[in-house]
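Undergrad: Residue numbers (this note's numbering): 249 to 315. C-beta: ideal position from N, C-alpha, C; glycine also. Note that the structure is predicted; figures quoted are calculated from it, not measured. Here it is, the structure in full.
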């Protein structure tokens with residue numbers, strides 16, 4: 249699963265949090281920031297933790313899959 253960087257930044261901004269704030273509060277590695285920026289896959293647990301901090305549904309952060 250890949251997080252849509254633009255969506256993630258938008259939700260962070262609405263929550264008045266930085267990327268780093270969210271990562272720290274979620275208790276995940278800073279490498280998650282690199283993965284998101286590079287469009288790499290993340291696991292479902294990490295997605296859930298990030299979405300929990302941002303008080304949003306995980307699917308709201310995901311890139312749309314191309315058919």
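Classify residue 251 as helix, strand or coil using the three-state DSSP reduction.
TA: Translated into positions along the chain shown, residue 251 becomes position 3. Residue 251 falls in the strand class under three-state DSSP.
Undergrad: Cα separation between residue 301 and residue 277?
TA: What you label residue 301 is simply residue 53 of the chain shown in a count that begins at 1. What you label residue 277 is simply residue 29 of the chain shown in a count that begins at 1. Each residue's alpha carbon lies about 14 Å from the other.
Undergrad: Report, in whole angstroms, the separation of the C-beta atoms of residue 256 and residue 309, which I expect to be a contact under 8 Å.
TA: Taking the first residue of the chain shown as 1, we reach residue 256 at position 8. Taking the first residue of the chain shown as 1, we reach residue 309 at position 61. Confirmed, about 6 Å.
Undergrad: Return helix, strand or coil for residue 302, following the three-state DSSP convention.
TA: Here residue 302 corresponds to residue number 54 of the chain shown, with the count starting at 1. In this structure, residue 302 counts as helix in the three-state DSSP scheme.
Undergrad: With distance defined between alpha-carbon atoms, name the residue in 307, 285, 264, 262 nearest to residue 295.
TA: Along the chain shown, read from residue 1 onward, the residue named residue 295 stands at position 47. It is 307.
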